[in-house]
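Visitor:
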Amino acid sequence: MHVRRKLVAGNWKMNGTRAALGEIAAIAAAARETAGVDVALCPPFTLIPLAAPRAGGVAIGGQDCHQSPSGAHTGNVSAAMLVEAGAKLVIVGHSERRADQHEEDSLVRAKAEAALAAGLQTIVCVGEVEEERIAGSHVDKVLYQLEHSLPELAREAELVVAYEPVWAIGTGRTATPADAAEMHAAIRAALVARFGDAGERIRILYGGSCNGANAAELFKVDQVDGGLVGGASLTAAQFVPIIEAAARS
Ligand code: PEP
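All residue numbers for the sequence shown refer to our numbering, where the first residue is 77 and numbers rise by one.
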């Protein structure tokens with residue numbers, strides 16, 4: 077029986093300026109009072125060096141990195157640059173990047189490899205679209221993404237998988253506990269089949285309209301090791317109850 081410590085990670089997306097730094101300080105203060113859960117926040121790149129010194133035990137991360145260490149890639153940021161800015165983790169393969177920037181599994185894998193090599197904890201996102209769930213191909217889709225997006229060598233302490241059904245992101249609709257249980261069990265089985273015992277130690281987060289009202293129920297589901305939270309991570313008032321729910325579950 078493997079006991080995995082819960083992780084709650086906030087994804088601020090393209091939200092947040094200096095004016096939001098007070099929220100990070102408030103989240104950090106509350107997280108200090110809440111034992112037994114790891115907390116992370118991924119603000120826009122511009123806030124990482126400002127947020128990191130104010131974040132206490134909350135790990136600050138990026139929302140993406142480039143797969144190369146440097147070069148002619150206008151507008152991109154490398155994993156080492158994130159580390160230098162104060163990041164401890166990074167999200168790769170978020171469905172918004174898969175859709176908006178047409179990122180494919182092989183690119184997500186290259187980014188994850190670059191991030192892990194730079195020493196960043198790496199959250200690799202997978203998730204089906206609504207049509208796939210309706211067609212009943214959701215598990216196959218997610219396992220395919222997982223197989224092709226994860227790096228070959230799992231450093232289980234630093235690798236995290238986030239299951240985020242695309243139809244639940246920012247919509248106010250969440251997976252039911254039964255939906256989450258089905259998918260998280262399938263992901264766990266795939267991780268163990270691929271990585272052996274190390275696959276038991278990789279945390280699997282749920283993401284998609286997670287909030288203070290539904291977090292406790294979702295975090296009790298077997299194999300749900302915490303959450304990746306978008307909208308409800310933007311303020312301490314909304315994010316702290318999710319952290320507390322993780323600590324209680
Ligand atoms: C996300 O973007 O990773 C996410 C889960 O967003 P939201 O919580 O707003 O659905």
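Beta carbons: idealized from backbone N, C-alpha and C, even for Gly.
A quick note: this is a predicted structure, and the numbers were derived from the prediction, not measured.
(1) Quickly, what does DSSP pair Gly86 with across the bridge? List them, please.
(2) Confirm the yes/no value for this check: CB of His260, any heavy atom of ligand 1, distance under 7 Å.
(3) I need the DSSP call for Thr122, collapsed to helix, strand or coil.
(4) Between the stretch 146-162 and the stretch 214-231, are three or more C-beta pairs nearer than 8 Å?
(5) Please give the ranges of any alpha helix (DSSP H) in the stretch 235-280, keeping only runs that are unbroken, at least 4 residues long and fully inside the region.
(6) If you run the structure through DSSP and keep just helix, strand and coil, what is Ser325?
(7) Under the three-state reduction of DSSP, which class applies to Gly138: helix, strand or coil?
(8) Spatial neighbours of Ile318 within its chain, please: C-beta separation below 8 Å, excluding the five flanking residues on both sides.
(9) To the nearest angstrom, how far is it from the Cα of Ile103 to the Cα of Val79?
(10) Looking at ligand 1, does it come within less than 7 Å of Asn290, judged from the CB to the closest heavy atom?
(11) So, are the CB atoms of Cys118 and Gly137 less than 8 Å apart?
(12) Looking at ligand 1, does it come within less than 7 Å of Lys89, judged from the CB to the closest heavy atom?
Guide: Taking the definition as stated:
(1) Leu117, Val305
(2) no
(3) helix
(4) no
(5) 253-271, 273-277
(6) coil
(7) strand
(8) Scanning its chain for C-beta atoms nearer than 8 Å, with the 5 sequence neighbours on each side dropped, one finds around Ile318 the residues Val84, Cys286, Asn287, Gly288, Ala291, Gly303, Val305, Ala308, Ser309, in chain order.
(9) 25 Å
(10) no
(11) For Cys118 and Gly137, yes; Cβs fall inside 8 Å.
(12) yes
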